[in-house]
Structures are given as C-alpha cells and as structure tokens.
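Student: Provided herewith is a single structure, encoded as structure tokens, for subsequent inquiry.
Residue numbers (this note's numbering): 5 to 448.
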C-alpha cells in the first residue's frame with residue numbers, strides 16, 4: 005500500500021515537471037532576440053552556410069601551392085623459364101613527387117576569384133543578419149499589433165453591447181423606435197464577428213513568433229506610449245543615399261559578385277596561356293632477383309632523383325576552353341547588370357523608407373490628435389442622443405470612428421518603428437544594438 009502511494013507521488017511529480025517544461029512565456033524583446041539567436045532554424049542554416057562558404061578561398065588558393073604525392077609498391081614476381089626452372093623474387097619501392105606551379109595564369113585568377121567570393125559571401129551574410137534582426141522585430145510587433153486590435157475589438161463590442169442594452173430599455177419605455185434596437189443589434193453582431201477575427205489573428209501572430217523562438221509564447225511585453233517618434237537624423241535624403249551606396253550589404257554583395265565574375269572570366273581566358281611547373285621526384289626501388297647460374301643479385305637497389313621544368317602549351321581541346329571563356333564573359337556582363345540594378349534598388353529603397361519614416365512621424369501625431377477629437381465627438385453625440393437630437397446610428401458611427409482612430413494610432417506607431425529600422429537596414433546601420441535599444445521603451 006505504501007509503495008503504491010509513493011508511485012502516485014512520483015507520477016504526479018513527473019507530470020508537474022513536464023508541464024513546467026512547456027510553460028508559456030511572456031517575452032520581452034530582448035528575450036525574444038536571445039531565443040531566436042539560439043533556436044531559429046533559418047538563422048542557424050544561414051550561419052552554417054556562411055561557414056561552408058568561408059572554405060572557398062582555401063580551395064581556390066590550392067592551385068598556386070605545391071602538390072606533393074607519396075606512392076609505394078610491393079611486388080611478388082614468379083617467372084617460369086622453359087627447361088631452366090622457376091625464378092621467384094620480390095621487389096618494393098617508393099616515390100615522392102613534387103609539382104610546384106611557377107606560371108599558371110588561370111590558377112592566379114582563380115585565387116583572385118576566391119577572394120572576391122569570400123567578400124561576396126561576407127556581404128551576403130551581413131544582409132542575412134540584418135534580415136534576421138528585422139524579422140525578429142517584425143514578428144514581435146505583429147503580436148503587439150494583433151493584441152492591440154483584439155483589445156480595441158473587445159472594447160468596441162462591450163461599448164456596443166451597452167448601447168444595445170440602453171436602446172432596448174429606451175424602446176421599452178417608448179423613447180425610441182424598434183429600428184434603434186435593430187441598428188444596435190446589427191452593430192453588435194458585426195462587433196462580435198470582428199472580435200472573433202481579431203482573436204484568430206492574435207493566435208496566428210503568436211504561433212509565427214514561436215517558429216523563430218522555439219518557445220511556447222503566451223504573450224509579449226507591450227511598447228510604451230513614451231516611445232519617442234522623431235524624424236530621421238540626419239534630415240537629409242542625399243546623406244542617407246550616400247550612406248546606403250557605401251554600406252548597403254546587398255549592394256556590396258552585388259559589387260563583389262561582379263568582381264568574382266570578372267576574375268572567373270580572366271581565369272577561363274588564362275587557360276589559353278602556357279603553363280610552367282617545377283617537377284621533382286625522389287624514387288627508390290629494391291629487387292631481390294638472383295641469377296639462376298650464379299645466385300647473385302641481378303638487379304641492384306636504385307635511388308633516383310629528378311628535378312625538371314615542365315612547360316605545356318595548350319593548342320586545341322575540342323573548343324571547350326574557348327566556349328568556357330565566352331560563357332564566363334557573358335556571366336560577367338550579367339553580373340554587371342545585376343550590380344547596376346542593385347544600385348538603383350538601393351537608392352529607391354532608401355528614398356522610400358526615408359519618406360515613409362517622415363510620413364509616419366506626421367501620421368502618429370495626426371492620429372493622436374484625431375483620436376482625441378473623436379473622443380470629444382463621441383461625448384457630444386451621446387449627449388445629443390440623450391437629448392433626442394441625434395440617432396443611435398449617429399452614436400454607433402462616431403463610436404466606430406473612435407475605435408478606428410485608436411487602432412490607426414497604434415498601427416502608425418508600429419509602422420514608424422519598422423520603417424525607421426528598414427531605413428537603417430538599407431543604409432547598412434542595422435545591428436543587434438539597434439534592436440535591443442528598443443527594450444528601454446517597453447512597458448515595465
């Protein structure tokens with residue numbers, strides 16, 4: 005009986021431990037960043053891909069370095085001489101071969117290609133890292149956006165429910181017509197539907213945040229209303245364009261990609277040139293074969309040392325070298341075109357996000373003012389309804405306008421945060437410090 009009791013205690017304890025292991029968290033932005041850094045599969049794949057790409061420079065440099073090979077042999081030979089008997093003997097040996105390229109134009113440009121690719125991969129990784137930072141903030145703010153929308157939808161439903169109840173009471177005492185009740189009921193049904201949709205949007209936003217954090221997320225800490233909303237610094241589009249052209253990671257990757265394509269073209273063209281190698285060999289052979297007549301060794305041990313210069317002049321390889329050269333030339337031209345496109349897109353992006361950030365600043369201030377005005381308008385309309393000068397439809401419309409203004413104000417603040425970070429991303433200024441600096445503006 006006592007054993008059964010202890011088993012029951014152990015089972016309950018195990019269940020409690022299991023439940024705590026998957027306990028949902030309320031995440032701060034910093035905690036979200038830390039979890040994503042550890043658990044986001046997309047970011048982990050990007051880091052491993054970058055490490056793999058880092059090996060290219062060593063691979064491409066190998067064509068300029070010595071090639072050393074060591075070989076050995078062990079042979080058993082059985083020879084039958086007609087009328088003389090058999091001759092069995094063993095032999096063994098080894099050879100060390102060295103080849104040092106002295107002049108290989110194609111390999112030199114292949115090495116330069118590796119350096120350009122290394123720079124390209126570093127720029128691409130920087131771009132991926134910036135995307136990762138922006139993705140964290142975007143997912144976090146999408147949860148906040150969904151939370152705010154759900155809060156407003158619930159408040160709207162509750163306000164309309166009170167209006168519906170008031171309309172029913174006023175109808176019962178003959179102060180309003182039945183149409184007021186129907187109008188309020190229709191508005192309430194719409195509010196319920198909107199609230200259900202908002203709950204679904206919040207659920208989806210939380211699950212999307214879980215995909216990058218690997219945690220079970222209950223909710224996130226909200227952004228404080230004290231967040232400063234300021235115009236870009238410097239307030240000069242030309243300076244932002246200059247920064248972007250100098251620091252944008254995607255543009256730098258395109259520039260290095262064009263340089264790599266050019267070096268590849270030079271490497272393919274260099275295959276038409278002669279090659280000169282220094283070749284060295286050290287070989288040793290020993291055979292224990294003996295004469296059938298004297299019993300003495302017939303083959304002395306030999307040691308061979310050779311050093312030579314080897315010149316090769318490519319004359320014709322079926323047209324493969326010429327075709328590869330033409331192919332690489334077109335690839336170089338295509339890479340230049342993509343570089344020009346990346347430059348134009350960079351200018352366009354920095355211009356767009358600069359203007360959007362300025363517009364967001366104005367929009368936040370305007371939405372804040374319009375929200376205050378909508379509150380005053382609602383109070384006046386409700387007073388008019390009580391006095392019989394306004395209808396229930398007027399009240400519902402003004403009420404709906406207030407909640408819409410509150411949603412727009414909240415969304416404008418979130419849009420400002422995202423677009424200001426996107427502006428810094430295009431200018432090559434987005435870092436983990438920029439992301440974590442937002443933590444100070446989270447509600448305590």
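Cβ coordinates follow ideal geometry from the N, Cα and C atoms, glycine included. This structure is a prediction, so every number in the text was calculated from the model and none was measured.
Identify, in the order they occur along the chain, each residue of the same chain with its Cβ nearer than 7 Å to the Cβ of residue 57, setting aside the five sequence neighbours on each side.
Tutor: 125
Student: Using DSSP with H/G/I as helix, E/B as strand and the rest coil, what is residue 81?
Tutor: strand
Student: Using only the alpha-carbon positions, how far apart do residue 435 and residue 141 sit?
Tutor: 12 Å
Student: Where do the N-terminal and C-terminal ends of the beta strand (DSSP E) with residue 290 fall, by residue?
Tutor: 279 to 291
Student: Quick one: grab the DSSP three-state call for residue 337.
Tutor: helix
Student: Here's a check: name, in chain order, each residue in its chain whose Cβ is nearer than 6 Å to the Cβ of residue 273, leaving out the five neighbours to either side.
Tutor: 329
Student: In or out: residue 242 buried (at least 16 other Cβ within 10 Å) or exposed?
Tutor: Answer is exposed; the Cβ neighbour count stays below 16.
Student: Can you tell me whether DSSP reads residue 243 as helix, strand or coil?
Tutor: helix
Student: Ends of the beta strand (DSSP E) at residue 235?
Tutor: Here residue 235 belongs to no beta strand (DSSP E), and DSSP marks it neither H nor E.
Student: Whose CA, out of 387, 371, 227 and 304, lies closest to the CA of residue 405?
Tutor: The candidate whose alpha carbon is nearest that of residue 405 is 371.
Student: Could you check what DSSP says for residue 429 in three-state terms: helix, strand or coil?
Tutor: helix
Student: Indicate the three-state DSSP secondary structure (helix, strand or coil) for residue 105 in the structure shown.
Tutor: Of the three classes helix, strand and coil, the one that applies to residue 105 here is strand, per DSSP.
Student: State the start and end residues of the unbroken beta strand (DSSP E) segment that holds residue 308.
Tutor: 306 to 316
Student: Using 8 Å for Cβ pairs, my map puts residue 264 next to residue 120. What's the rounded Cβ distance?
Tutor: 4 Å
Student: Alpha carbon to alpha carbon, what distance is there between residue 317 and residue 95?
Tutor: Distance from the CA atom of residue 95 to the CA atom of residue 317, rounded to whole angstroms, is 38 Å.
Student: Going straight from the alpha carbon of residue 447 to that of residue 220, what length do you get?
Tutor: 21 Å
Student: Between the Cα of residue 214 and the Cα atoms of 196, 417 and 38, which residue gives the shortest distance?
Tutor: 38
Student: Please say whether residue 418 and residue 457 have beta carbons closer to each other than 7 Å?
Tutor: Past the boundaries of the shown model lies residue 457; the chain is included only from 5 to 448, so the question cannot be answered.
Student: Can you give the Cα-Cα distance for residue 367 and residue 352, rounded to whole angstroms?
Tutor: 22 Å
Student: Shorter than 6 Å, the distance from the beta carbon of residue 46 to the closest heavy atom of the ligand GTP, or not?
Tutor: Among the components modelled here there is no ligand, and therefore nothing to report on the ligand GTP.
Student: Give me the residue from 420, 437, 71 and 389 with the minimum Cα distance to residue 184.
Tutor: Of 420, 437, 71 and 389, the residue nearest in Cα terms is 389.
Student: Can you tell me where the alpha helix (DSSP H) with residue 64 in it begins and where it stops?
Tutor: 60 to 65
Student: Give me the Cα-Cα distance between residue 358 and residue 271, rounded to the nearest whole angstrom.
Tutor: 42 Å
Student: So, helix, strand or coil for residue 320, using DSSP?
Tutor: Coil, per DSSP.
Student: Return the CA-CA distance between residue 205 and residue 336, expressed in angstroms with no decimal places.
Tutor: Answer to the nearest angstrom: the Cα atoms are 47 Å apart.
Student: Quick one: is residue 211 near chain D, going by C-beta distance under 7 Å?
Tutor: Here there is only one protein chain, and chain D is not present.
Student: Please classify residue 444 as buried or exposed, where buried requires at least 16 other C-beta atoms within 10 Å of its C-beta.
Tutor: Counting C-beta atoms within 10 angstroms of its own C-beta, residue 444 has fewer than 16 neighbours from the protein chains shown and is therefore classed as exposed.
Student: Quick one: what's residue 96 bridged to in DSSP?
Tutor: Bridge partners of residue 96: 78 and 290.
Student: So for residue 27, helix, strand or coil by DSSP?
Tutor: coil
Student: Find the nearest neighbour of residue 236 within the set 202, 363, 374 and 149, judged by alpha-carbon distance.
Tutor: 363
Student: Quick check: the Cα distance between residue 75 and residue 116, rounded to an integer number of angstroms?
Tutor: 32 Å
Student: When the distance is taken between beta carbons, is residue 314 closer than 7 Å to residue 281?
Tutor: yes
Student: Under the assumption that residue 73 contacts residue 101 (Cβ atoms under 8 Å), give the Cβ distance between them as a whole number of angstroms.
Tutor: 5 Å
Student: Any contact between the region 160 to 168 and the region 385 to 400? By contact I mean 3 or more CB pairs, one from each, below 8 Å.
Tutor: yes
Student: Between 45, 189, 266 and 40, which has its C-alpha nearest residue 118's C-alpha?
Tutor: 266
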